[in-house]
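A.B. asks: Sharing a structure, written as structure tokens. Questions coming.
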Amino acid sequence: MNGWTKDQIGHMKTALRLARRGWGLVSPNPMVGAVVVKGKKIVATGWHTGPGQPHAEAAALQEAGRKAKGADLYVNLEPCNHYGRTGPCTEAIIRAGIDRVFYGSPDPNTVASGGAKALEEAGVEVHGGLLAEECFELNQFFFKWVITKVPFVIVKTAASLDGKTATSTGQSQWISSKAARNFGHHIRAGVDAVLVGRNTAAKDDPELSARPWGRRKMHRQPWRVVLDPGLKLSTKLKIFDPAMGGPTVIVCAKEKAPEKKMKQIVSMGHQVLVAPLTHTGILSIRWVVEELGRQGVQSVLIEPGATLADSALIEEPVVDLAHIFLAPKFIGGVKAPGMVGGLGQSELALAPEAEILKLGRKGPDLHITLRPACGFGGQADFEALCSLA
Ligand SMILES: NC(=O)c1ccc[n+]([C@@H]2O[C@H](COP(=O)([O-])OP(=O)(O)OC[C@H]3O[C@@H](n4cnc5c(N)ncnc54)[C@H](OP(=O)(O)O)[C@@H]3O)[C@@H](O)[C@H]2O)c1
């Protein structure tokens with residue numbers, strides 16, 4: 001259907017708002033919200049609260065009860081058509097007597113897809129593609145992982161206006177404002193894993209936990225993943241504390257890691273991953289990300305020092321989205337690290353490019369959201385998903 005009405009757009013926006021409540025709760029499922037509308041009035045709403053819980057459509061239909069007969073249903077993702085932990089939404093929609101279904105994105109998951117067709121065959125009027133881009137953007141972690149089995153990778157970094165991520169003495173806490181750091185915790189709360197390099201773990205002793213402000217309690221913590229080729233990190237660091245919740249994964253290299261230390265870390269209840277080295281002798285970040293995907297991780301937040309940033313953005317580009325905070329201060333010093341380390345490009349033409357998606361502020365800091373050219377989520381990925389409809 002072309003030329004959506006103002007009301008139809010408004011109802012899908014409501015469904016998207018409801019879906020966003022699932023941030024940090026629903027993985028490995030997508031965030032979904034649903035609205036039941038009779039005439040011009042919203043008679044029921046629902047959202048997916050987590051794996052094993054009713055899907056958004058089922059929750060909204062249950063709330064609507066008899067009012068669902070002859071009503072319209074708005075949902076950001078094509079209704080599922082399979083028996084998983086819950087029954088097919090298509091059956092619930094047909095049983096409830098819904099007249100028309102409006103959805104945003106097709107479901108690329110071959111196990112659950114085919115919902116639109118099944119509904120049409122049962123005589124329900126179905127319209128896909130309403131606010132398609134917003135619906136695609138909302139569930140990029142889910143879409144990328146389902147289609148490629150590789151997690152969606154986000155980088156978050158804070159620098160001074162002159163691009164420094166620490167002082168020449170190694171101090172980096174805190175360059176950015178509380179508002180920017182709160183946003184960092186919001187992202188941590190929504191991803192499956194947070195990844196850092198060995199030096200950051202050793203110098204900052206971070207918890208790598210999500211501590212979102214003003215929100216419900218976290219029901220789970222992201223995996224903590226640390227690149228430590230020679231397993232040199234002290235097991236007294238917070239990342240090894242079992243009280244932290246959520247698993248810690250230490251990535252090492254067979255050539256560099258002592259077997260005794262490997263066994264010690266495993267005996268503490270953590271996972272040791274043995275990764276290959278690149279031709280420059282560092283751990284292959286691409287392999288690490290792909291291995292996390294094989295283990296079911298749909299999204300990874302990298303909080304890189306300059307060395308890791310070079311690895312993930314330039315040497316083996318794996319980043320889909322970057323959040324860069326620039327604090328209005330100058331740190332200076334030729335020895336103070338910049339945002340990206342390594343040898344750097346010898347020619348400008350070789351510098352990987354990125355598209356700025358958004359410019360905003362978090363407190364006093366400039367917040368730049370950008371997508372590297374190789375990142376998932378561009379027009380081609382959007383069109384590929386739409387072609388599944
Ligand atoms: N401003 C910010 O947003 C921000 C964010 C994070 C960190 N930091 C600061 O950055 C500093 C640490 O940065 P850094 O560049 O020294 O270290 P880093 O990126 O935290 O860690 C680098 C180390 O990780 C190991 N490693 C293994 N494979 C790697 C790979 N593929 N890519 C990168 N590293 C790999 C190597 O250990 P081996 O040496 O054992 O081989 C390497 O020396 C700290 O001062 C921290 O506070 C700032």
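Read in order, the letters of the sequence shown correspond to residues 1 to 389 in the working numbering. Every residue gets a Cβ at the ideal spot worked out from N, C-alpha and C, and that includes glycine. Predicted model only: the values in this text are computed from it and were never measured.
1) Leaving out five residues on either side along the sequence, give the residues of the same chain with a beta carbon under 6 Å from the beta carbon of G70.
2) Taking the CB atoms as reference points, tell me whether P222 and R181 lie closer together than 8 Å.
3) To the nearest whole angstrom, what separates the beta carbons of T307 and I265, a pair I think is in contact under 8 Å?
4) Curious, which full-length alpha helix (DSSP H) runs of at least 4 residues does the stretch 211–299 contain?
5) Let me know the secondary structure DSSP gives H82 once reduced to three states.
6) Please report the distance separating the alpha-carbon of H367 from that of A44.
7) With hydrogens ignored, establish whether the beta-carbon of K203 is closer than 7 Å to any heavy atom of ligand 1.
8) Less than 7 Å between the CB of K232 and some heavy atom of ligand 1, yes or no?
9) Between which two residues does the beta strand (DSSP E) harbouring D365 extend?
10) For D72, write down the residues that DSSP places opposite it in a beta bridge.
11) What is the DSSP secondary structure of E207, counted as helix, strand or coil?
12) Check this for me: beta carbons of V36 and A56, under 8 Å apart or not?
13) Bridge partners for G128 per DSSP, in chain order?
14) Enumerate, from N- to C-terminal direction, the unbroken beta strand (DSSP E) stretches of 3 or more residues contained entirely within the stretch 132–197.
15) So what's K117 in DSSP terms, helix, strand or just coil?
16) In this structure, does DSSP put F382 in helix, strand or coil?
17) So, with DSSP's three-state summary, where would you put K358?
18) Can you tell which of A92, C386, E137 and S105 has its C-alpha closest to the C-alpha of A58?
19) Between which two residues does the alpha helix (DSSP H) harbouring H11 extend?
20) Helix, strand or coil for L313 per DSSP?
21) For T307, which of helix, strand or coil comes out of DSSP?
22) Given R211, which residues of its chain have a CB within under 6 Å of its CB, disregarding the five upstream and five downstream residues?
23) Within 7 Å: the Cβ of A336 and any heavy atom of ligand 1?
24) Can you list, in chain order, the residues of its chain whose CB lies under 7 Å from that of P108, leaving out five sequence neighbours each side?
25) Is the stretch 158–173 close to the stretch 271–284, with three or more CB pairs under 8 Å?
C.D. replies: According to the structure shown:
1) D99
2) no
3) Not quite, the Cβ-Cβ distance comes to about 22 Å (not below 8 Å), so this is no contact.
4) 259–267 and 285–294
5) In this structure, H82 counts as coil in the three-state DSSP scheme.
6) 37 Å
7) yes
8) yes
9) D365 to P372
10) Its beta-bridge partners are V37 and R100.
11) Three-state result, E207: coil.
12) no
13) Y103
14) 152–160 and 193–197
15) In this structure, K117 counts as helix in the three-state DSSP scheme.
16) Helix.
17) strand
18) When each option's Cα is compared against that of A58, the closest is A92.
19) Note, H11: alpha helix (DSSP H), K6 to A19.
20) helix
21) It is helical.
22) Here the set comprises H185.
23) A336: no, Cβ never under 7 Å from ligand 1.
24) Taken in chain order, the residues that qualify are F143, V146, I147, L385 and L388.
25) no
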